[in-house]
Each structure stands twice: as structure tokens, then as C-alpha cells.
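Peer 1: Dropping the structure in here first, questions after.
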Amino acid sequence: MTVKIAHTAELQKFFEEAAGFTNDGGNSRLKTIVLRVLQDTARIIEDLEISEDEFWKAVDYLNRLGGRSEAGLLVAGLGLEHFLDLLQDAKDAQIGLTGGTPRTIEGPLYVAGAPLYEGECRMDDGSEEGVATVMFLEGQVFDPQGQPLAGATVDLWHANTKGTYSFFDQSQSEYNLRRRIITDAEGRYRARSIVPSGYGCDPQGPTQECLDLLGRHGQRPAHIHFFISAPGHRHLTTQINLSGDKYLWDDFAYATREGLVGEVEFLEDAEGRRAELKFDFQLQQAPDAAAQQRSQRPRALQNA
Ligand code: MBD
Ligand code: FE
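Here our numbering runs 335 ahead of the position in the sequence shown, where the first position is 1.
If you want it as C-alpha cells, here you go:
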């Protein structure tokens, strides 16, 4: 028979003490959260009869996860980052805040402070010339009434042909495949870049170690990330996931959504082989000033 003690008054008092409820210092919001974590962890240990070996294996796993800076990757892979989107969608629906381009997860690989351009730019440093397919990406940003939004900031980032991102992949040049483009008078942005490959988790890393034990792969389809913002409008975090990719609807991070599939067209003529991708965005009105900003999630080069 299983022994259960977590629910007893004695243990509840003990966890309240451990979560700081018997002192006047600290942060009351954090105390509330920590108490709940302790109570729920104790219940999981009891209910699933977690052994000491399993417990210490989990503690070691957390050390290794943090040591490799993969916590942000694991929360994406376990669907928790997608859950945050579903929860926000449900909150929006409840207050009738609908319309515009769907949101989807940011992922752990954004870097702030990318080079800023008006209207158009080239994103790649040319280092994969001859290997990569040149991609011409363009579109317009619209307001909720369908009018073009001039002066919107399109902050976009994507992987190279190996599926890796500059900054995190130190072999790439600074800010390779990361740009900020201010939309022109017609709300248009244009970029010359290269067709990205899908991302795969490090096969040697702690995230893939967990996914292996869940019988899952750690692959994402080829995709392009976007932050889109404009004064008075709600900040949008989203992605274009590329049509034709084997992992389009089998994304380990669950980021592909209806309305976020980009139809890439491959062309071959006198100018050579290239790809074209057109994708428009529509922003919502900002319900309040805070909604114009992205989340305060800690990011690489946060103050850049
Ligand atoms: C990525 O490129 C990504 O977009 C996500 C969500 C997780 C890992 C790598
Ligand atoms: Fe990504």
C-alpha cells in the first residue's frame, strides 16, 4: 500500500515554512508559486511512487539542462511554450479579441539588436553561396481595417542551410540571417536571403535525451521567425513554416499553425535557381500600452 503524507496538516505547515510564509521578507508572489510547486512535487512523488534514484536522476538532469542552456529548448519541445499561446488565444476569445495573423512561439534563439533597414535588405552574409538556394521574401503588414501599415518594424530571424542560427552557432558571422526591416509607405518589407533548413536538437544534448526516452524526434520544419510591431498595435510573435517540409505538421515544438504555412515557390530560369516566398501579416489594435511590447523574456543581448 502507498503511504501518503503530503496532504496532512503537518506537511502543509512544513512546506509553508519552506516557502517563506512564516517570515515577513521576500516576495509574496514568489512564495505563493514556490508553495504550490512544493505541494505538487510532493504529490507527484507520492502518487507515482518516485524512487530516490528517480528523484536524484531528475535533479542531475536539471543541472545538465541548465549547464547546456537548454531549458528554453525543453519547454518548447514539451509543448509548454505552445500551451502559453493556446492559453492567450483562449483569453483573447473570451473578451472577443480576434482577427489578424495567428501568434506562435518565439523559441529560444532570438538575438536582440539586429541590423536595421528601411524597406528592404539582404540577410545572408554570402558564406553559403553555391550551397544555399537564394530566397526572395516579401509581403505587407496591414492594420485591423486592412490598410497597409507604414513604419512597422519587421524583426526576423532564421537558420542557415544546416538548420543552425548565428550567435548560437559561433561559426556564423555576427547577425547572419537576422534583420530588422521598417515597412515602406505601402507597408511592404522585402528581403533577399537563403532558404533555411529545419532545426534539429543537439543529438548529444539533454533535451534530445529526454525526447529519446519519450520516443520522440527533435526536429522542426524549415521556418522563419517574426516579431512585428507598430505604434498603437499589438506586438505579434509568429513564424512562417515552409510548405513541402517533411516536418511541417510533425514539429517537435508544435509551432506550425493554420494560417502560418508559407508557400515557397522554386523557380529556375536564366537568372538561376531561386525561391520566392510572399507572406502578409495583419496586426490587431493594442488593447493597452503594454500589449505593444514583446514579453520581458530574458534574451541574448537584451539591451542591444
Ligand atoms: C528553433 O529554431 C525553434 O524555432 C524552436 C521553437 C525551438 C528550437 C529551435
Ligand atoms: Fe527557429
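We treat Cβ as the ideally placed atom computed from N, Cα and C, and that holds for glycine.
This one's a predicted model, so the numbers in the text were calculated from it and none came from an experiment.
1) Let me check understanding here. Comparing Cα to Cα, which of GLN480, ASP460, LYS348 lies closest to THR436?
2) If you reduce the DSSP assignment to three classes, tell me which class SER532 lands in.
3) At a threshold of 6 Å, does GLY498 count as lining the ligand FE (C-beta to nearest heavy atom)?
4) Using 7 Å as the threshold, is the C-beta distance between GLN554 and TYR589 below it?
5) Check whether the region 599 to 618 and the region 468 to 487 touch, using three or more Cβ-Cβ pairs below 8 Å as the test.
6) Tell me whether TYR534 counts as near the ligand FE, meaning its Cβ is closer than 6 Å to at least one heavy atom of that ligand.
7) Mapping the DSSP letters down to three states, classify LEU286 as helix, strand or coil.
8) Is the distance from the Cβ of SER528 to the Cβ of ASP580 below 7 Å?
9) Compute the distance between the beta-carbons of LEU546 and GLY412, then report whether it is under 7 Å.
10) Classify ASP586: buried if its beta carbon has 16 or more other beta carbons within 10 angstroms, exposed otherwise.
11) Tell me whether the beta-carbon of GLU455 lies closer than 7 Å to the beta-carbon of PRO483.
12) Please confirm whether LEU444 and ARG515 have their CB atoms less than 7 Å apart.
13) I'd like to confirm something about LEU444: is its beta-carbon nearer than 6 Å to some heavy atom of the ligand MBD, or not?
14) Between LYS613 and GLU600, what straight-line distance do the alpha-carbon atoms span, to the nearest angstrom?
15) Would you give the residue range spanned by the beta strand (DSSP E) that VAL489 belongs to?
16) What are the start and end residues of the beta strand (DSSP E) that includes GLN554?
17) Is the separation between the beta-carbon of SER532 and that of ALA557 shorter than 7 Å?
18) Check whether the Cβ atoms of LEU595 and THR439 sit closer than 7 Å, and answer yes or no.
19) Measuring only from the beta carbon, is ILE440 closer than 6 Å to any heavy atom that is part of the ligand MBD?
20) Would you kindly report the start and end of the unbroken beta strand (DSSP E) that includes LYS613?
21) If we count the other Cβ atoms within 10 Å of its Cβ and call it buried at 16 or more, is GLN628 buried or exposed?
22) Since TYR452 is in the beta strand (DSSP E), which residue starts that stretch and which ends it?
23) Can you grab the Cα-Cα spacing for the pair THR433 / LEU419, in whole Å?
24) Just checking, does the region 393 to 404 make contact with the region 532 to 542 on the three C-beta pairs under 8 Å criterion?
25) So, using beta-carbon positions, are ALA526 and LEU472 closer together than 7 Å?
26) Quick check: what's the CA-CA separation for VAL469 versus ASN362?
27) Looking at the structure shown, is TYR524 part of a helix, part of a strand, or coil, going by DSSP?
28) What does a CB cutoff of less than 7 Å around LYS348 pick up in its chain, not counting 5 residues either side in sequence?
29) Take PHE350 as the anchor and find which of LYS339, VAL338, ASP375, ARG364 has the nearest alpha-carbon.
Peer 2: A quick look at the data gives this:
1) GLN480
2) coil
3) no
4) no
5) yes
6) yes
7) In the structure as shown, the chain starts at 336 and stops at 639, and residue 286 therefore has no counterpart that could be examined.
8) no
9) yes
10) buried
11) no
12) no
13) yes
14) 9 Å
15) 488 to 493
16) GLN554 -> no beta strand (DSSP E), and no H or E assigned at all.
17) yes
18) yes
19) yes
20) 607 to 613
21) exposed
22) 451 to 453
23) 17 Å
24) yes
25) yes
26) 52 Å
27) strand
28) none
29) ASP375
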